[in-house]
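Protein chains: 2
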Amino acid sequence: MTVSNTLPHPLAPLSEAEILRARDTILKQHGASDSLYFRCIYLNEPAKAELVPFLELEHAGKLTESTPRPPRQARVEYDVLTPSKHHHIRTVVDLKASQVVSSDTAAQKAYPSYSPEEFNDFQDACVASELFQKAMSEFALPENFKVIIDPWPYGGPDDAEDPDRYMQGLVFAVDSSKKNPDSNHYGYPIPIIPVMDWVSKKIVRVDRLATGGAEDGLEPEAKAASPKKLFQNNAPAEYVPELLDIPLRNDLKPINITQPEGASFTVHPDGLIEWQKWRFRIVFTPREAAVLHDVTYENRPIVYRLSYSELTVPYGDPRPPFHRKQAFDFGDGGIGRAANNLELGCDCLGAIHYMDSILPSPDGTPTAAKSVVCLHEQDNGILWKHTNFRTNRAVVTRNREFVVQFIATLANYEYIFAYKFDLAGGITVETRATGIVSVVSIDEGKTSKYGNVVAPGILAQNHQHIFAVRIDPAIDSYTDTQVVVEESISKKIDPKTNPYGNYYEVQRQQVDKPRWIDAEPRLNRVLKLENSTKKNSISGKNVGYKFILPSTQMLVADDDSVHARRARYAQHNMWVTGYRDGEFWVAGEFTNQSRKETDGVDDMVRRGDWFTDEAPNGQDQESKGKKSTPVLWGIFGLTHNPRVEDWPVMPVEIHQMHLRPADFFTFNPALDVPSTKNAASVLVPCCSNGEASKATEQDKPLSHLQGSGKEIDAQAAGASVTNGKTE
Amino acid sequence: MTVSNTLPHPLAPLSEAEILRARDTILKQHGASDSLYFRCIYLNEPAKAELVPFLELEHAGKLTESTPRPPRQARVEYDVLTPSKHHHIRTVVDLKASQVVSSDTAAQKAYPSYSPEEFNDFQDACVASELFQKAMSEFALPENFKVIIDPWPYGGPDDAEDPDRYMQGLVFAVDSSKKNPDSNHYGYPIPIIPVMDWVSKKIVRVDRLATGGAEDGLEPEAKAASPKKLFQNNAPAEYVPELLDIPLRNDLKPINITQPEGASFTVHPDGLIEWQKWRFRIVFTPREAAVLHDVTYENRPIVYRLSYSELTVPYGDPRPPFHRKQAFDFGDGGIGRAANNLELGCDCLGAIHYMDSILPSPDGTPTAAKSVVCLHEQDNGILWKHTNFRTNRAVVTRNREFVVQFIATLANYEYIFAYKFDLAGGITVETRATGIVSVVSIDEGKTSKYGNVVAPGILAQNHQHIFAVRIDPAIDSYTDTQVVVEESISKKIDPKTNPYGNYYEVQRQQVDKPRWIDAEPRLNRVLKLENSTKKNSISGKNVGYKFILPSTQMLVADDDSVHARRARYAQHNMWVTGYRDGEFWVAGEFTNQSRKETDGVDDMVRRGDWFTDEAPNGQDQESKGKKSTPVLWGIFGLTHNPRVEDWPVMPVEIHQMHLRPADFFTFNPALDVPSTKNAASVLVPCCSNGEASKATEQDKPLSHLQGSGKEIDAQAAGASVTNGKTE
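One line per chain: the protein sequences are A and B, in this order. The first sequence maps to residues 1 to 727 in the UniProt record's numbering. The second sequence maps to residues 1 to 727 in the UniProt record's numbering.
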């Protein structure tokens with residue numbers, strides 16, 4: 001498949017040398033007097049129009065050394081720091097010429113995401129702040145408790161304010177007498193939120209928080225005459241095993257998953273992955289973590305690019321300043337930057353490959369991001385089965401999956417993201433939400449309609465997590481994909497067409513221009529991604545894939561709220577927009593402290609690109625769109641009204657969306673999966689405590705179902721016989 | 001847990017001796033002249049009022065030999081055969097006294113389910129039928145093709161007809177030249193449906209089928225002058241490996257799942273299962289297969305009885321007689337009777353326990369149903385994780401599940417049912433639909449709006465599968481469960497209560513009398529099963545479980561159709577009804593050839609039992625209900641418009657519903673799960689083809705996330721210190 005070629009594949013991640021070359025190019029642009037802060041240096045993906053001809057040649061096996069290739073480019077995002085102002089600059093560097101190809105400065109109030117290093121500045125600013133010390137003086141902490149602060153993005157500014165770039169912090173205490181740096185501070189929230197000016201690095205304000213119950217109003221409590229004693233009844237919220245005050249289970253016997261003959265996948269150094277009939281490339285980006293490119297099955301393209309785009313987490317507590325708890329975990333932080341270094345035998349079981357990546361330090365030098373993606377195979381039960389009830393012969397195959405997994409930590413919270421490929425041509429996109437729910441103080445004995453008391457003194461606020469997945473489809477072609485909305489519609493009894501009332505109509509509507517589409521399970525509404533010209537040779541229908549989305553609640557915040565204005569994407573389950581190079585951000589590129597979604601999916605709809613030969617007639621004629629190809633955005637989420645069981649660390653909440661072939665193949669693509677009996681399985685007898693007997697062939701089961709196995713000779717049945725002597 | 005006791009537990013399945021005693025008791029009731037046909041002999045479950053006191057003593061550890069116990073009873077269902085009529089009789093036999101306690105004869109047109117043995121009668125009747133032979137004479141089959149018939153229930157009779165008990169058959173041919181009894185006949189449908197009178201065992205009619213395309217109307221084609229040549233272009237639809245004309249994959253390397261220290265569960269001979277903190281009993285019934293009883297966690301009851309209740313499969317092809325393709329797989333057939341004999345290493349991997357059951361032969365003697373349920377543990381990814389971003393220390397636990405699985409074959413089709421228990425107090429009820437889709441003939445080159453052409457000459461008709469799960473809850477008590485509908489409701493901006501618009505209200509409405517409730521993901525509607533009196537000591541809320549249902553399309557058939565009248569249950573996602581002993585059937589006991597749902601969930605709602613101290617006021621005051629406790633029915637399904645990929649055997653379509661604790665516990669019940677690193681996992685290096693290296697400790701990853709780890713001394717931060725010297 002891969003051509004022996006000294007040049008990197010156009011989708012290969014930047015090498016260390018390339019990152020350094022990009023950095024040097026930028027440094028040269030600026031004088032020695034400019035102080036630069038590098039945020040990201042990563043592959044600038046080729047324009048689709050340039051990459052597609054290359055991919056087509058690649059899949060046709062026609063690549064040569066002289067095949068034209070898209071220029072190799074780096075995207076470098078950095079700040080120029082001056083005492084009074086920070087300019088955020090986005091550049092594209094041509095790596096061959098070591099030249100800046102394009103450069104622009106972000107608008108006045110468009111702020112890039114925070115880097116992990118900037119989080120530390122916040123705590124330093126608090127320590128140095130008289131305002132902060134004054135606020136803290138209102139509280140008395142138990143002996144040996146130390147203060148610890150989780151920096152957060154500021155959320156959306158109120159309409160009345162016009163702040164420069166701010167950062168806020170949630171303040172906690174930790175019991176240092178435990179002498180364990182992993183003692184959980186989230187069990188001890190302190191009811192203030194300091195706000196820092198990000199340029200001056202000064203605390204400009206400390207907001208006091210309400211700590212009352214359901215009927216205590218929205219205002220913070222009045223300042224007490226003497227320091228309020230905190231944590232009088234709070235309980236430890238430990239989760240690291242050595243600090244637990246309950247014994248660990250000792251009766252969970254190990255499950256080992258082994259592949260004695262090795263794994264069935266191949267990882268190439270340039271990010272190309274091969275597993276079974278699947279082939280795709282992984283590019284790790286600072287914002288999206290693992291992005292899948294050029295996903296093909298038996299060399300037929302299915303998805304040009306598959307990625308998570310955004311995740312907003314708005315909180316439902318109306319008491320100011322809690323309304324500013326609305327994070328955009330991709331745009332404000334970055335999932336790649338927050339990706340965990342995964343561990344063998346913990347995050348994945350079996351035979352695992354770990355992928356590393358490279359992220360820049362603030363000075364632009366590459367640093368290793370080790371084991372940020374894991375790849376492995378797993379068994380997921382039965383894939384298909386049929387038992388012939390006449391002979392009792394069963395044929396069963398196992399549902400083997402290939403998993404691309406990465407995990408991000410965003411202060412208190414964890415997300416486990418996975419792309420799963422199966423043997424039947426399906427792709428599943430999975431999220432698992434876990435970690436520690438965000439909590440605030442609540443006065444003893446009180447309860448709140450804004451959340452749940454999950455431990456004494458601890459209110460876990462109601463909130464939502466709304467995920468967006470971006471699918472740039474390429475259904476059996478890089479250029480000819482169409483999107484169709486399909487519904488199964490009930491029909492009334494009609495003597496001519498539906499005499500008994502059991503008929504239902506499968507209705508199709510092609511999406512000819514950008515729009516949103518809400519989930520409607522009552523109509524079995526599904527989106528189909530189809531090749532607009534190629535027909536399935538069996539069914540005569542367009543070859544395609546079905547898009548199956550969990551039907552979940554969308555953003556509940558009021559339409560007029562700043563929360564909704566910043567996350568229009570989160571108001572509908574599916575969006576179809578027109579492809580343009582580099583548009584990966586459902587809520588816009590700059591979500592950090594945004595007041596509204598800018599150049600997000602809602603704007604892409606408004607500009608009215610179209611997918612047919614000519615712009616469709618209708619009310620959108622005034623739009624300035626252009627002919628394009630459709631990109632699909634799948635939105636799903638979790639309205640999380642916390643349970644007591646979510647404390648101190650929550651069990652995973654799992655969501656899955658699926659791409660499944662629908663007339664893409666000419667028969668079940670998993671028909672050739674062997675129905676091999678697994679020899680390592682053993683019997684557990686009755687009445688033992690798990691003592692497994694050695695694997696033995698089971699007795700031939702006595703069947704209560706054994707049929708007669710009778711067939712009727714066609715002629716005996718009355719039929720004549722064709723193609724034979726008796727015809 | 002179990003008392004040493006010579007008496008069987010009240011929920012222990014009947015022994016062979018008990019089955020024989022029940023049979024003998026019935027035989028004695030009848031003279032030698034009566035010809036009896038036994039359909040089922042199984043445990044007559046004790047009345048709840050009698051069982052609950054026993055269970056309460058059992059869980060309190062207070063059972064003794066003299067504890068009063070419910071009488072041990074068998075339920076015997078059998079027919080009395082006379083030449084002109086079959087009476088279906090349902091009796092309860094007291095096994096101690098060997099006496100019939102109750103007996104009643106089913107109403108005139110209430111028909112029990114078919115036994116597997118009766119299926120064979122149908123084919124014999126066809127062979128003997130001149131009508132059938134005449135119908136077959138219209139067709140010419142290729143040489144060596146033999147006829148094979150799948151008996152089906154007759155579906156719902158048309159309003160215009162008043163048939164006695166009928167059975168219909170789908171007719172296929174099989175290529176006997178392959179000399180393989182597992183050659184797939186479903187690839188060769190013959191366009192007739194013979195109808196048999198079930199008492200006389202005579203074919204009374206042979207319906208001819210339409211074979212046209214989208215525009216060819218509803219009538220069967222006119223009879224041709226000479227026999228129509230069938231299967232001129234049909235292709236083999238083989239799935240058994242030795243008949244495939246494509247090579248099997250040889251690059252799927254084995255995944256072995258082993259438990260070197262044995263399994264973590266215990267199976268007792270009377271059906272009691274213990275796994276981790278879970279404890280429950282499995283009773284296998286002819287209709288429901290595995291039923292779970294008395295499900296407890298740490299000895300606290302959660303579910304009194306958990307079972308699948310029904311599954312209807314209506315087809316959407318309006319061309320008569322296809323409208324009679326509507327099966328009720330529990331009521332017309334019986335999932336226990338149709339349960340597969342499961343195989344080690346195929347249907348389950350790892351360390352597996354297989355449960356056997358006993359089913360009666362038509363003469364009432366017990367026959368073994370071997371390995372009809374499998375029990376095993378499996379790993380399902382990460383259960384919870386948190387990484388302290390300051391220290392980079394991660395704590396991860398694995399999501400171990402305990403699975404109770406059974407699989408039923410209903411002629412062409414398979415269902416894989418599973419109950420899964422997890423370490424965090426959750427129960428998942430899962431279905432996987434697989435097997436061979438039901439197909440009919442379609443003329444060459446045509447396509448249809450009634451289904452999809454999945455192979456030349458083969459139309460897979462659009463249809464639905466609508467499952468019903470019955471949950472008889474016992475939330476921390478066998479008697480005090482209440483059901484609450486909870487929704488998360490958007491609120492407009494309001495200066496006093498919601499100044500920024502981010503607040504949403506969690507609204508609760510108690511279900512005080514039977515009703516249906518539709519899914520409404522837009523409102524995040526969930527049902528909560530709660531103890532009506534016990535409060536969670538942390539949150540102050542009622543201890544409870546959340547019921548999470550996939551939001552799927554309900555029955556699409558017209559409200560006035562016989563299909564909808566027979567399956568009112570399938571028109572709404574959730575139903576809550578009043579508990580009465582022995583009411584297990586969502587669509588009524590007798591679904592076979594039913595015209596309407598009788599004593600099903602819709603009738604249970606109409607009768608108006610109530611769940612509060614007094615009957616609620618309102619329009620239902622005239623109802624004749626009584627005070628009861630709520631039973632929950634969860635309905636979900638699959639509108640299956642077949643894909644070409646579903647042929648010849650379809651990859652699984654998976655649905656899951658969940659019961660998750662919601663303030664049932666006082667913290668995450670999986671907090672005590674060890675975060676043990678699995679030692680059997682190995683690294684797969686880059687660029688190898690699956691060659692796994694020996695497990696080695698990974699290098700300490702270079703962290704790009706390492707925080708400063710700084711904590712601030714409380715006094716340095718400005719706070720005073722309580723409980724300490726400085727206060």
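Don't be surprised by glycine CBs; every beta carbon is placed ideally from N, CA and C.
Separation of B:Ala327 and B:His185 (C-alpha to C-alpha, rounded to the nearest whole angstrom) is 20 Å. For A:Val483, the secondary structure class from DSSP, reduced to helix, strand or coil, is strand. Taking the CA atoms as reference points, B:His353 sits about 40 Å from B:Ile458. Of all alpha-carbon atoms in B:Ala719, B:His465, B:Pro456 and B:Gly212, the one lying nearest the alpha-carbon of B:Ala433 is that of B:His465. Of all residues in the segment 362-384 of chain B, only Thr367, Ala368, Ala369, Lys370, Ser371, Leu375, His376, Glu377, Gln378, Asp379, Gly381, Ile382, Leu383 and Trp384 place a beta-carbon less than 8 Å from a beta-carbon of chain A. The continuous alpha helix (DSSP H) containing B:Asn120 extends over residues Pro116 to Val127. Within chain A, no C-beta atom comes nearer than 7 Å to that of B:Thr431; the closest sits roughly 12 Å away. DSSP places B:Leu27 within a helical segment (H, G or I) once states are collapsed to three.
In the three-state reduction of the DSSP assignment, B:Ile19 falls in the helix class. Excluding five sequence positions before and after A:Arg69, the CB atoms of its chain that fall closer than 7 Å to its own CB belong to Leu7, Pro10 and Phe54, given in chain order. Within the segment 515-600 of chain B, the runs of beta strand (DSSP E) at least 3 residues long that lie entirely inside it are, in chain order, 515-517, 526-535, 542-548 and 574-578.
At a cut-off of 8 Å, the C-beta of A:Gln571 has no neighbouring C-beta in chain B. Counted as a single uninterrupted DSSP element, the alpha helix (DSSP H) harbouring A:Leu55 occupies residues Lys48 to His59. When the alpha-carbon of B:Lys627 is set against those of B:Gly637, B:Arg400, B:Ile635 and B:Asp613, the nearest one is in B:Asp613. Looking at the DSSP output, A:Ile466 bridges to A:Thr312 and A:Gly637.
Distances from the alpha-carbon of B:Cys374 to those of B:Met355, B:Ile203, B:Pro220 and B:Thr367 put B:Met355 closest. Rounded to the nearest whole angstrom, the CA to CA distance from B:Gln482 to A:Ser441 is 31 Å. Taking 8 Å as the CB threshold, A:Trp516 stays off the interface with chain B. Not a single C-beta of chain B is nearer than 8 Å to the C-beta of A:Thr25. B:His185 carries a helical assignment under DSSP once its states are collapsed to helix, strand and coil. By the neighbour-count definition (other C-beta atoms within 10 Å, threshold 16), B:Thr64 is an exposed residue.
A:Thr25 counts as buried, since at least 16 other C-beta atoms from the protein chains shown sit within 10 angstroms of its C-beta. Rounded to the nearest angstrom, the gap between the Cα atoms of B:Ala140 and B:Leu230 is 6 Å.
Excluding its 5 nearest sequence neighbours in each direction, A:Val195 has C-beta neighbours in its own chain below 6 Å: Tyr166, Gln168, Val204 and Arg205, listed in chain order. Straight across, the Cα-Cα distance linking A:Ser115 with A:Arg287 is about 11 Å.
With respect to chain B, the C-beta atom of A:Cys40 has no partner C-beta closer than 8 Å.
Taking A:Asn641 as the centre and dropping the five residues before and after it, the same chain places the C-beta of Gly451, Asn452 and Asn462 closer than 8 Å to its C-beta, in chain order.
Bridge pairing for A:Asn44: absent [DSSP]. Assignment of B:Val404 by DSSP, reduced to helix, strand and coil, places it in the strand class. Linking A:Val526 to B:Leu659 through their CA atoms gives a straight-line distance of about 27 Å.
For A:Leu131, the enclosing alpha helix (DSSP H) covers residues Glu130 to Met136. With its beta carbon at least 8 Å from every one in chain B, A:Arg470 lies outside the interface.
Residues of the segment 649-662 of chain A with a Cβ closer than 7 Å to any Cβ of chain B, in chain order: Val649, Met650, Pro651, Val652, Pro661 and Ala662. For the pair A:Trp585 and A:Tyr579, the Cα-to-Cα distance works out to about 12 Å.
About 6 Å separates the CB atoms of A:Arg566 and A:Glu597; that is less than 8 Å, so the two are in contact. Of the other Cβ atoms in all chains shown, 16 or more fall within 10 Å of the Cβ of B:Gly336; this residue is therefore buried.
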